[in-house]
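My numbering puts the sequence shown at residues -16 to 305.
Each residue gets a CB set at the ideal place from its N, CA and C atoms; glycine is no exception.
Inspection log for the structure reproduced underneath, given as structure tokens.
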Amino acid sequence: MVQKKRVHPKVKAGLHVRNKHRERYNFKELIQSCPELAPFVSLNKFDDESIDFGNPKAVVMLNRAVLKHFYGIDHWYIPEGFLCPPVPGRADYIHNVADLLASENKGVIPMGKSVKCLDVGVGANCIYPIIGHTEYGWSFVGADVEQVAIDSARETVENNEALKGNVDLRLQTAHYNTFKGIIADDEYYDVTICNPPFHASLAEAEASSLRKMSSLNKTEVKKVVLNFGGNGKELYCNGGEERFITNMIKQSKEFSQSCLWFSTLVSKESNLRTFRKALKGLGVEEVKAMKMSQGTKVSRVLAWTFHNKEQQQAWAAKYWSE
């Protein structure tokens, strides 16, 4: 039985003002850009066009259509079992990073290849380099501990002219290291970004997926399906995001002069106190926590720098001037 059709707000609340996904998806336009999406689209109980978000194949195809329609990505493939992230939230991270860089550049977002970003844990999806380069022209280095992820991301880069020569992919062979082995002695980065493994165990990751399924009214769930994919290293690690990010913070000190800003997504607000304490102990010059929201989900971008205001402005003048 079809329930009364819902009235949707014209613009989704919470998303960044420059986010291309503030309005509901027009599935007719998405199908025109990616005809392969059509078999996965149907009317839901509210008589709205949608997909079954409990079907991993449907989610992958939706992302493929979104990346084609909004970002001009002709080829995008991820191996089965790897993380297929919702694009709007990832775009919000990039736009918040753009605002962060603009804050010490007289309010002007630095554009073009001269802006260099390091994506820690780029994943098979390569989503941050795709959005960051197509929106702002930035160049990226994407690092990952999984060879399969690197190979998949490289396939995307090599099969899209816009990304060729603008995204370099590197394998991190020492799993404990975040930056060492990736950042060369003669390299500098304007910002590092990271989508860390949030959970401390597979059981915790599955419980989170069950909550998501329940919110989508999937009441008859017989088997946990991680509907946005993700293998072990992408979704969980010993100690969860608290340990992962704390380790990243400690290791950032060694590269304090190689990077202007370090940043990471933080899922659990309760962890911010631990991270701020760790950052204070390292003597960082500035810390920012930028709130992001999409529907009922709230996360934060935690950013820190070892450069004072004068040094930040000097960096901008040196590297971003036309």
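Residue environment for Gln295: buried (at least 16 other C-beta atoms within 10 angstroms of its C-beta).
DSSP places Ile133 inside the alpha helix (DSSP H), whose first and last residues are 130 to 141. Under the Cβ criterion (8 Å, minimum of three pairs), the segment 66 to 85 does not count as touching the segment 154 to 161. Here Asn142 has Asp57, His58 as same chain residues with Cβ atoms under 8 Å from its own Cβ, once five neighbours each way along the sequence are excluded.
The Cβ-Cβ distance between Asn178 and Leu84 does not fall below 7 Å. The beta carbon of His116 sits closer than 8 Å to the beta carbons of Ser122, Phe123, Ala145, Leu146, Asn149, Val150 from its chain, once the five residues preceding and following it are set aside; these are given in chain order. Looking only at Tyr119, Lys99, Phe23, the smallest Cα-Cα distance to Pro39 is reached by Phe23. The beta-carbon distance between Ala74 and Val105, rounded to whole angstroms, is 16 Å. This is too long to meet the 8 Å contact definition. Linking Leu101 to Met273 through their CA atoms gives a straight-line distance of about 19 Å. Counting along the chain, the unbroken beta strand (DSSP E) around Gly125 starts and ends at 122 to 127.
DSSP places Phe53 inside the alpha helix (DSSP H), whose first and last residues are 39 to 54.
Assignment of beta-bridge partners to Gln277 by DSSP yields Lys280. Here Asn88 is not near Ala286, since their CB atoms are 7 Å or more apart. About 5 Å separates the Cβ atoms of Leu243 and Asp173, confirming a contact at the 8 Å cut-off. It is roughly 22 Å from the alpha-carbon of Thr139 to the alpha-carbon of His4. Under the three-state reduction of DSSP output, Val105 falls in the coil class, being neither helix nor strand.
Here the alpha carbon of Tyr302 sits roughly 21 Å from the alpha carbon of Lys236. Look at Glu32 here: in three-state DSSP terms it is strand. Counted as a single uninterrupted DSSP element, the beta strand (DSSP E) harbouring Val249 occupies residues 242 to 249. The closest CA to that of Thr175, considering only Asn9, Val284, Gln15, Glu32, is found on Val284. Counting C-beta atoms within 10 angstroms of its own C-beta, Ala48 has 16 or more neighbours from the protein chains shown and is therefore classed as buried.
Assigned with DSSP and collapsed to three states, Ala167 falls in coil, not helix or strand. Boundaries for Leu255: no beta strand (DSSP E) harbours it, while the alpha helix (DSSP H) harbouring it runs 255 to 265, taken from the DSSP string. Straight-line measurement puts the Cα of Asn2 at about 19 Å from the Cα of Gly95.
In this structure, the alpha-carbon of Cys109 lies about 9 Å from that of Ala132. When secondary structure is reduced to three states using DSSP, Val98 falls in the coil class, being assigned neither helix nor strand.
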